[in-house]
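Taking it in order: structure first as structure tokens, then the write-up.
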Amino acid sequence: MPSRPRTTQTPTGPGAGGLRRLGEWCARHFVVVIVAWLVALVALQAAGRSAGGTYSDNFTLPDAQSQQGVEVLQRHDPQAGGYSSQVVVQDDQRQLKDLDS
């Protein structure tokens, strides 16, 4: 006699897991979810700009050997004595500092 295919039932009522219910709600209200994510993204960007510091990539390290080598190259062949890099330094007060000052 042929056997019947088994069907797996997952709980969807009050006994269902909270994550499943949240996922189902998000699937049903996807426009609200997308708008909420966009609002959160804009709010985080605004908070970051208002509370964040300023970045500076203008710096020198006068006693470093690499800086002395760059200065020698610039004196003898100005076109060969350049390089670029970006360094971000943060002090204990959580403010970005410029190494020139």
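Numbering (this note's numbering) for the sequence shown: 40 to 140. Idealized CB from N, CA, C, for every residue including glycine.
Contact check, Q106 vs L100, beta carbons under 8 angstroms: Reading the sequence shown from its first residue, position 67 is the one you call residue 106. Reading the sequence shown from its first residue, position 61 is the one you call residue 100. Cβ distance < 8 angstroms, so Q106 and L100 count as in contact.
What would DSSP say about H115, mapped onto helix, strand or coil? Reading the sequence shown from its first residue, position 76 is the one you call residue 115. H115: helix per DSSP, three-state reduction.
What is the residue span of the alpha helix (DSSP H) that A103 lies within? Along the sequence shown, read from residue 1 onward, the residue named residue 103 stands at position 64. Note, A103: premise wrong, no alpha helix (DSSP H); not H, not E.
E110 versus D116 - alpha carbon distance: Against the sequence shown, residue 110 aligns to sequence position 71. Against the sequence shown, residue 116 aligns to sequence position 77. Rounded to the nearest whole angstrom, the CA to CA distance from E110 to D116 is 10 angstroms.
Please report the distance separating the alpha-carbon of I73 from that of V81. The count along the sequence shown starts at 1 and reaches residue 73 at position 34. The count along the sequence shown starts at 1 and reaches residue 81 at position 42. One Cα belongs to I73, the other to V81, and the distance between them is close to 12 angstroms.
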